[in-house]
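K.L.:
Please read through the structure below; I'll follow up with questions.
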Amino acid sequence: MKITEDQVAHVAHLARLNIDEKEREVFTKQLDDILLYIDMLNSVDTTDVAPMTHAMEGTETFREDVVRSSLPVDAALANAPDDDGASFKVPKVIE
Amino acid sequence: MEPYYLTVHELEGLLRAGETTSLSITEAMFRRIDDVEERIHSYITLMKETALEAASASDQRRREGAARGPLDGIPVAVKDLICTMGAPTTCGSRFLERFVPPYDATTVEKLRDAGAVILGKTNMDEFAMGSSTETSYFGVTRNPWDLERVPGGSSGGSASAVAAGECIASLGSDTGGSIRQPAAFCGVVGLKPTYGRVSRYGLVAFASSLDQIGPLARDVEDCAILLTVIAGHDKRDSTSLSAPVPDYRDFVGRSIAGWTVGIPREYFIEGIDPAVAAAVNRAVAAMKDLGAECREISLPHTRYGIAAYYVIAPAEASSNLARYDGIRYGFRSPGERELLDLYRNTRAGGFGPEVKRRIMIGTYSLSSGYYEAYYKKASQVRTLMKQDFDEAFAACDVILAPATPTPPFRLGEKTDDPLQMYLSDVFAAPANLAGIPGLSLPCGFTVNGLPLGVQLLAGHFEEGKLIQAAAALEKALSAEQRRPAL
Numbered sequence: 002m003k004i005t006e007d008q009v010a011h012v013a014h015l016a017r018l019n020i021d022e023k024e025r026e027v028f029t030k031q032l033d034d035i036l037l038y039i040d041m042l043n044s045v046d047t048t049d050v051a052p053m054t055h056a057m058e059g060t061e062t063f064r065e066d067v068v069r070s071s072l073p074v075d076a077a078l079a080n081a082p083d084d085d086g087a088s089f090k091v092p093k094v095i096e
Numbered sequence: 504m505e506p507y508y509l510t511v512h513e514l515e516g517l518l519r520a521g522e523t524t525s526l527s528i529t530e531a532m533f534r535r536i537d538d539v540e541e542r543i544h545s546y547i548t549l550m551k552e553t554a555l556e557a558a559s560a561s562d563q564r565r566r567e568g569a570a571r572g573p574l575d576g577i578p579v580a581v582k583d584l585i586c587t588m589g590a591p592t593t594c595g596s597r598f599l600e601r602f603v604p605p606y607d608a609t610t611v612e613k614l615r616d617a618g619a620v621i622l623g624k625t626n627m628d629e630f631a632m633g634s635s636t637e638t639s640y641f642g643v644t645r646n647p648w649d650l651e652r653v654p655g656g657s658s659g660g661s662a663s664a665v666a667a668g669e670c671i672a673s674l675g676s677d678t679g680g681s682i683r684q685p686a687a688f689c690g691v692v693g694l695k696p697t698y699g700r701v702s703r704y705g706l707v708a709f710a711s712s713l714d715q716i717g718p719l720a721r722d723v724e725d726c727a728i729l730l731t732v733i734a735g736h737d738k739r740d741s742t743s744l745s746a747p748v749p750d751y752r753d754f755v756g757r758s759i760a761g762w763t764v765g766i767p768r769e770y771f772i773e774g775i776d777p778a779v780a781a782a783v784n785r786a787v788a789a790m791k792d793l794g795a796e797c798r799e800i801s802l803p804h805t806r807y808g809i810a811a812y813y814v815i816a817p818a819e820a821s822s823n824l825a826r827y828d829g830i831r832y833g834f835r836s837p838g839e840r841e842l843l844d845l846y847r848n849t850r851a852g853g854f855g856p857e858v859k860r861r862i863m864i865g866t867y868s869l870s871s872g873y874y875e876a877y878y879k880k881a882s883q884v885r886t887l888m889k890q891d892f893d894e895a896f897a898a899c900d901v902i903l904a905p906a907t908p909t910p911p912f913r914l915g916e917k918t919d920d921p922l923q924m925y926l927s928d929v930f931a932a933p934a935n936l937a938g939i940p941g942l943s944l945p946c947g948f949t950v951n952g953l954p955l956g957v958q959l960l961a962g963h964f965e966e967g968k969l970i971q972a973a974a975a976l977e978k979a980l981s982a983e984q985r986r987p988a989l
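Residue numbers (the numbering used here), protein chains in the order written: chain D, 2 to 96; chain G, 504 to 989.
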């Protein structure tokens, strides 16, 4: 086994995903299959091979830090699940 | 004559000659959609009102002698993860069921500026995660050639809409084969550009180092027309590159005599369907007749492509999809009193199983203690895969290979076995990892009438070569004008 049900529960917590017992069981099996498959990468000799961090070289670009207008409040709130007309509303965070 | 199976360039000619109008073409498209959409389900959202307005505006421009180019007045469809201002952009997810973007993606802006008429938003696997369009929250799309089979994915709706005459051409996105595989399954042409060739601004992110928007169309020339419109640097996407954009249409009709075509031996693996192998062999023979030299080459790390892809893509996805927290937009689990519960239940309720699975793989491989073993290792293998292609293109103009290992599979055939589903992109994912452009071209049918595709690959920014080779091959194969029986 590459991954246990406990590890799956821990990963789900890290990913902020509430999963039930049935999902935990199914995901453990499926993730195990996938991780076993991915293990084939270990048979590749990557000594002194630099990891590829950019899909294309030369894509690191810079621009001037210029202040410009952003979305108006009503447009920014238009898709909000809950708002008070000026801000997003969330459950109480601080006691 | 009904216009819905014509090409962009054919319609362009009719419009320019004054033999039809954009409004009459657009109305005909919606009649066609009314006829077949119930059986195919290519679309999540239809934009009839704005489409008819855009068509009338196009006709007005043409009457005034101010037509904008080959796409002016042409009805197109857009994959539903490319933002359209004022029209829902759902990504095939419950999470974004009611999300209406406050801006247009750069590619959509470019389509509108070119005068294209956007008919609607096409169905897709949820957040582009899938190879069959079966993970869409809004139901499956069916393959127009066989309604019991998948159209491929994740741009399944963009491919089926072209194949079924529900649009003239479309935009899709390709992270690990999501344009080329459905194009092959639906018998249309699909092009994934070089990473950085087309702006990703307004493309909802799945795996940022792999995602690229590209066209699906009835022929190579139409793909060239669309690519010319959407390509180019965009200051809103710092990964878009400023290489000049030629008129890609100029590459159509040029000879490829004397070219070297690489045939990678690693793409003819055990498990490849004999019909697919036969189709590729037909294409090889046609290339030789065109005066190209076909030479066996080796891309030794091909077999590691899916493994590297299923580390890198989910890792990037787990990070990109962290934004779906139920606070600023999208779905929110109702009645939550604690913030942590709100996050956990919102994400549990808003995402489908495939998206959850990928978030979990990605979170696991990036979690403490596993980074070196997975993400770093996969990124090193990615370097080796890119080097394979660099070496190949030092000796070849283009590479010719199968697009998919099999013809379209049956609905439900792979839904319970994620790994088998992933392996259907084994020939497509390497191009994304290396950042190179690829094109899938129809190449005949199985005895049961299912479409087959071949794939052409070229070096970075060599879309011109890709189009030149594909257009020549398309003509040489003189693909019979078969249409799905709908």
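Glycine included, C-beta positions come from ideal geometry on N, C-alpha and C.
1) Give me the Cα-Cα distance between Glu-522 (chain G) and Phe-533 (chain G), rounded to the nearest whole angstrom.
2) Is the shortest distance between the beta-carbon of Ile-95 (chain D) and the beta-carbons of chain G less than 7 Å?
3) Since Leu-719 (chain G) sits in a beta bridge, which residues does DSSP pair it with?
4) For Thr-592 (chain G), decide whether its Cβ has a neighbour in chain D, counting only Cβ atoms nearer than 7 Å.
5) If you draw a straight line from the alpha carbon of Ile-939 (chain G) to that of Val-929 (chain G), how long is it in whole angstroms?
6) Closer than 7 Å between beta carbons: that is the criterion. Which residues of the segment 844-871 of chain G meet it against chain D?
7) Which whole-angstrom value is the C-beta distance of Gly-668 (chain G) and Tyr-508 (chain G), which I expect to be below 8 Å?
8) Assuming Ala-904 (chain G) contacts Leu-960 (chain G) under a Cβ cut-off of 8 Å, what Cβ separation, rounded to an integer in Å, is found between them?
9) Mind pulling the chain G residues with CB within less than 8 Å of Ala-79 (chain D)?
10) Beta-carbon of Arg-25 (chain D) versus every beta-carbon of chain G: anything under 7 Å?
11) Looking at the strands, I want to know which residues DSSP matches up with Gly-765 (chain G).
12) Go ahead and label Pro-921 (chain G) buried or exposed: buried means 16 or more other beta carbons lie within 10 angstroms of its beta carbon, across all protein chains shown.
13) Residues of chain D with CB closer than 8 Å to the CB of Val-653 (chain G), please, in chain order.
14) Mind pulling the alpha helix (DSSP H) runs of 4 or more residues that sit fully within the segment 609-689 of chain G?
15) Across the segment 761-773 of chain G and the segment 783-797 of chain G, are there enough close Cβ pairs to call them in contact, namely three or more that are closer than 8 Å?
16) Strictly below 9 Å CB to CB, what residues from chain D border Thr-886 (chain G)?
17) Looking only at its own chain, which residues have a Cβ that is under 7 Å from the Cβ of Pro-647 (chain G), when we skip the five neighbours before and after it?
18) Classify Ala-580 (chain G) as helix, strand or coil using the three-state DSSP reduction.
19) Counting only beta-carbon atoms, is Asp-34 (chain D) nearer than 7 Å to chain G?
20) In angstroms, rounded to a whole number, what distance separates the CA positions of Phe-896 (chain G) and Thr-866 (chain G)?
21) Determine the DSSP secondary structure at Asp-83 (chain D), reduced to helix, strand or coil.
22) Where Phe-602 (chain G) and Ala-81 (chain D) are concerned, what is the direct C-alpha to C-alpha distance, given to the nearest angstrom?
23) Counting only Cβ pairs nearer than 7 Å, list the residues of chain G close to Val-12 (chain D).
24) Between the alpha carbons of Pro-696 (chain G) and Ile-716 (chain G), how many angstroms are there, rounded?
25) Could you pull out every residue in the same chain whose Cβ sits closer than 7 Å to the Cβ of Asp-722 (chain G), ignoring the five residues on either side in sequence?
26) Would you say Ala-724 (chain G) faces chain D, with C-beta separation under 7 Å as the test?
27) Under a CB-based cut-off of 7 Å, is Lys-880 (chain G) close to chain D?
P.N.:
On the basis of the data shown:
1) 20 Å
2) no
3) G:Ser-673, G:Gly-693
4) no
5) 16 Å
6) Leu-845, Tyr-846, Arg-847, Asn-848, Arg-850, Ala-851, Lys-859, Arg-860, Ile-862, Met-863, Ile-864, Thr-866, Tyr-867, Ser-870
7) 5 Å
8) 7 Å
9) Val-603, Pro-605
10) no
11) G:Arg-798, G:Ile-902
12) buried
13) Within chain D, no residue comes near Val-653 (chain G); the closest Cβ sits about 20 Å away, beyond 8 Å.
14) 609-616, 659-666, 683-689
15) yes
16) Thr-47, Val-50, Ala-51, Pro-52, Met-53
17) Ile-543, Ser-663, Ala-666, Ala-667, Cys-689, Pro-987, Leu-989
18) strand
19) yes
20) 35 Å
21) coil
22) 9 Å
23) Met-863, Thr-866, Tyr-867, Ser-870
24) 7 Å
25) Thr-510, Val-692, Glu-977
26) In the sequence as displayed, the identity of residue 724 (chain G) is Glu instead of Ala. Taking Cβ atoms only, chain D never reaches closer than 7 Å to Glu-724 (chain G), which makes this a no.
27) yes
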